[in-house]
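Trainee: If you're matching positions, the sequence shown starts at 18 in the numbering used here and goes up one per residue.
Note that beta-carbon positions come from the ideal geometry of N, C-alpha and C, so glycine has one too.
Starting off with a structure, shown below.
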Amino acid sequence: MNSKISFQTLNRPKLVDDIVAQLQTKISGGDIKPGEKIPTEPELMEQFGVGRSTVREAVRVLVHAGLLEKKQGFGTYLKTDPVIQEPLMHRLQRAEILEVYEVRRGLELEISRLAAERRDDKDLEAMREHLDIRNAALQAGNVEAYLNADIAFHLAVAVASKNSIFIDLYRTFSTVVHETLHKLARNFQDHNRNVAQHENLYLAIKRQDAQSAIHWTSENLNQTVADLETYQQQ
């Protein structure tokens with residue numbers, strides 16, 4: 018039955034990652050159900066237009082991630098109670114970037130709320146310093162320095178939340194989206210609005226206005242997603 022599942026033929030690099038992503042999409046969408054056998058190696062080779070070693074490596078990734086299990090002589094099956102054991106960094110790197118931003122949105126909204134409630138003077142000093150560096154880099158046209166300062170500012174906001182898990186999660190997310198942010202920064206035009214959003218976020222946290230901090234974080238992330246969608250359509 019699963020041999021009828023269709024996948025997109027791949028024409029891009031990182032074939033293993035792409036195969037893993039498509040398989041996981043089929044799993045998440047219910048096309049492959051718990052306890053069900055996935056298509057055979059020859060079927061996957063034909064569907065994806067790749068060699069046996071590439072298919073085997075992709076399947077091995079999902080086996081190690083805790084989603085699939087190999088049954089000697091019978092094939093590979095989706096576990097009946099799949100629990101993802103894959104490191105978060107690896108999972109995020111395989112995800113669609115817009116999916117990553119949907120999760121990041123929920124993360125940063127709560128971080129901003131907590132930062133506004135819990136920040137201290139040291140936190141504010143760090144945020145102000147990184148914002149100033151960010152603005153100076155923007156004026157100088159130094160994309161790398163601008164991006165590093167932007168990430169440092171948001172990390173300072175996370176640190177102000179006084180929640181170590183949020184801090185570690187933000188570090189992980191910022192590493193994953195760094196390349197995408199670099200591309201957006203090079204093509205981004207509306208700098209004034211972006212600068213204003215960050216300044217307003219800083220001021221909201223400074224005066225401990227949690228709702229305003231959430232608002233400006235949301236505004237910034239909405240703009241980033243819109244810019245990303247525009248960039249992907251180019």
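#1: Based on Cα-Cα distance, which residue from V33, K50, D98 lies nearest to A75?
#2: Could you work out which residue in M144, I36, K54, F91 is closest to H215 when comparing CA atoms only?
#3: Among the residues of its own chain, which have a CB less than 7 Å from the CB of L198, if the five just before and after it don't count?
#4: Please go through the same chain and pick out, in chain order, the residues whose beta-carbon is closer than 8 Å to the beta-carbon of L155, but skip the five residues on each side of it.
#5: Beta carbon of A175, beta carbon of Y187: below 7 Å?
#6: Give the DSSP bridge partners of L95, in chain order.
#7: Is K54 helix, strand or coil by DSSP?
#8: Skipping 5 residues on each side, what residues in its chain have a beta carbon closer than 7 Å to that of K87?
#9: Taking DSSP as the reference, what is the three-state secondary structure of K43?
#10: What is the C-beta distance between A230 and A132, in whole angstroms, given that I count them as a contact (C-beta under 8 Å)?
#11: Can you tell me which of T71, I55, G47, H232 puts its alpha carbon nearest to the alpha carbon of D35?
#12: Measure from the alpha carbon of I114 to the alpha carbon of each residue in F190, G123, A153, D140, then state which is nearest.
#13: Which two residues bound the contiguous alpha helix (DSSP H) that contains V117?
#14: Q250 by DSSP, collapsed to three states: which one?
#15: So, using beta-carbon positions, are Y219 and L124 closer together than 7 Å?
#16: Find the nearest neighbour of R254 within the set E134, M62, N239, judged by alpha-carbon distance.
#17: What runs of the alpha helix (DSSP H), each 4 residues or longer, lie entirely inside the stretch 131 to 179?
#18: Following the continuous alpha helix (DSSP H) through K31, name the residue where it begins and the one where it ends.
#19: Measuring CB to CB, does A177 end up less than 7 Å from D140?
#20: Could you pull out every residue in the same chain whose Cβ sits closer than 7 Å to the Cβ of K43, ignoring the five residues on either side in sequence?
#21: Between which two residues does the alpha helix (DSSP H) holding V212 run?
Mentor: Taking the coordinates as given:
#1: V33
#2: M144
#3: L164
#4: Y163, H208, V212
#5: yes
#6: L85
#7: strand
#8: V80, T93
#9: helix
#10: 7 Å
#11: T71
#12: F190
#13: 114 to 135
#14: helix
#15: no
#16: Examination of residue 254 is not possible in this model, given that the chain is present from 18 through 251 alone.
#17: 138 to 157, 160 to 177
#18: It is not in any alpha helix (DSSP H) - K31 carries neither H nor E in the DSSP assignment.
#19: yes
#20: I22, I49
#21: 208 to 223
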